[in-house]
Every structure is written in C-alpha cells, then in structure tokens.
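Engineer: Handing you a structure now.
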DNA sequence: CCGTATCCCTTAAGATACTG
DNA sequence: CAGTATCTTAAGGGATACGG
C-alpha cells in the first residue's frame, strides 16, 4: 500500500491528511484538548509559544475540519469552550505513532 | 499516554516528530523513495507541484535527519541517487496511520 | 474574558534562468 | 543531470490595541 511503484495513489490520502494537520500547532492543540474541554486562554497557556493570533486561526481551521467543537456558554461574561470531536479523537492512532517515532528519532539522531 | 492532564510530556516527542516531517513535501518525498532509490529529476517528476528549489531544500533536510541517503555515482555525468534509510522506513507506521486517517477524513468532511 | 484588527517585519515559496 | 542564483510574491508570526 505504501510501497507501490509510482506513488500517486497513496499520496492523495496522505496529502489530505497533511493538509489538515499541517503546521506545528494543530496536533499540539489537539493533544491539549484530548483530555478535556478547555477555554481559549487555557489552551494558549498550555501550548507553549503560540500567539493568540495563531491559536485563533488554528482553532478555526480545526473547527472547519470538524476536529474541534466550539461552544459558547450563555453566561454574562464571554465563555467559550473548545473540545475535541470524535473525528478529532480518531487522530489518536496517528499521534501515538508520531509519539513513538519522535522518541525513536531522538535516539537515532539527537542521542 | 496521550490523555494526560497538562500535556507537556507527550508534546515533546510529538514536537520533535512534527519538526522533522513538517511541511507538505517531506512525507511525499519519502513515499516516493520508499519503493526504490531515485534520482533528483525522477523525484521532481513524481512529487507533483514541487519546485526544484523546494526539492533540493527538503532533500537536504531529510538527509540531515537521516531519513534519506544521498549517493553520488562516480560517473562522468552528474548522477545522484537518493534512497530511504532504515530510519526513514521506520516512519512507515506513521504514514500508514496517516493514510488511513486521510481516507476517513475524506468521508467525514468532504464526502 | 474571549477573542479580532492592524501594523510591520521576517520567512517561505514560486518562476525562471543559469552553471559545473 | 543536479542543482544554484535571483527576483518577486505569499504566508508566517510578534506586538499592541481595541470591541463584544
């Protein structure tokens, strides 16, 4: 499946996947939300180095792709909760492999 | 492992992994090389849309991270073969999951 | 509190031409 | 063939300020 002659076939699906999770932030945001729903500033704090602007943009993109759900609480103060969707959770396997590979990579290249 | 309270721990390994395969090209190049070694122009042709400049840059980055090996043949004409390393192949699992997820994503969001 | 808007600078990427 | 050089345009990203 991944070892075909000329590539194009498998590339399509992988291209789709890459497009959705591209950039350094999206997966980190998803991990951050994987345990529980959180509010904007909470996520901003936990995903180190991300700016409000980037976070805002990435959350929108994730919402568009149905990986994240946005809920506005009907309270006096503005309260918005972000949570991961089932579709977002389905990335778990990908992340697990990435995680394992990341550890391995550290051994091979860095360590 | 992926569902911890405050994230940072798992994020490190995933951050490492993201850093290495970041961008829309690297995984596609690896797929292209996964079946067999290829030369620059061959890869350029098979990875649709990539420019020479990008390909050159990405190959260098992949080489630095030991995912790809570069062999200069000792012939009169310039002949360079790129091949995937064992470490590069170890990304196979990640790609397989990405592939599966890409298909699924198409169903959920696009289809 | 939860963002959006704007400004501004830096990096990434695309096109095309060219060299060892 | 395998790239570099150069030039131009698009996108990334920080800082700050402001609106609902």
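Protein chains in written order, with my numbering: chain A, 124 to 234; chain B, 124 to 234.
Don't be surprised by glycine CBs; every beta carbon is placed ideally from N, CA and C.
Since the structure is predicted, the reported quantities are computational estimates derived from the model, not experimental observations.
For chain B, check one thing: does any of its Cβ atoms lie closer than 8 Å to the Cβ of residue 173(A)?
Structural biologist: By this cut-off, residue 173(A) is not an interface position.
Engineer: What three-state label does DSSP hand residue 184(B) in the structure shown?
Structural biologist: Of the three classes helix, strand and coil, the one that applies to residue 184(B) here is helix, per DSSP.
Engineer: Ignore the nearest five residues each way along the sequence and tell me which others in residue 189(A)'s own chain have a CB closer than 8 Å to its CB.
Structural biologist: For residue 189(A), where only same-chain residues beyond five positions count, the Cβ hits under 8 Å are 208, 210, 211.
Engineer: Taking 7 Å as the cut-off, does the CB of residue 154(A) come closer than this to any heavy atom belonging to the ligand SAM?
Structural biologist: As far as ligands go, the structure on display features none, and thus does not contain the ligand SAM.
Engineer: Assuming residue 152(B) contacts residue 166(B) under a Cβ cut-off of 8 Å, what Cβ separation, rounded to an integer in Å, is found between them?
Structural biologist: About 6 Å separates the two Cβ atoms, so the contact holds.
Engineer: On the three-state DSSP scale, how would you describe residue 147(A)?
Structural biologist: Reduced to three states, the DSSP call for residue 147(A) is coil.
Engineer: Nearest-angstrom Cα distance between residue 134(B) and residue 173(A)?
Structural biologist: Their Cα atoms are separated by approximately 14 Å.
Engineer: What residue does the beta strand (DSSP E) around residue 204(A) start on, and which one ends it?
Structural biologist: Looking at the DSSP string, the run of the beta strand (DSSP E) that includes residue 204(A) is 202-207.
Engineer: Check whether the region 179-188 of chain B touches the region 219-229 of chain B, counting contact only when three or more Cβ pairs, one atom from each stretch, lie closer than 8 Å.
Structural biologist: Judged by Cβ distances under 8 Å, the region 179-188 of chain B makes no contact with the region 219-229 of chain B, as fewer than three pairs qualify.
Engineer: Residues in its own chain within less than 8 Å of residue 162(B) by CB, not counting five upstream and five downstream?
Structural biologist: Taken in chain order, the residues that qualify are 202, 203, 204, 205.
Engineer: Could you give the distance in angstroms between the alpha-carbon of residue 227(B) and the alpha-carbon of residue 141(A)?
Structural biologist: Those two C-alpha atoms are separated by around 13 Å.
Engineer: With a cut-off of 8 Å on the beta carbons, I'd call residue 148(A) and residue 181(A) a contact; round off their distance for me.
Structural biologist: The pair is a contact, with the Cβ atoms about 5 Å apart (cut-off 8 Å).
Engineer: Taking any Cβ of chain B, which residues in the region 201-223 of chain A have a Cβ under 7 Å from it, in chain order?
Structural biologist: From the region 201-223 of chain A, only 210, 213, 214, 215, 216, 217, 218, 219, 220, 221, 222 have a Cβ closer than 7 Å to chain B.
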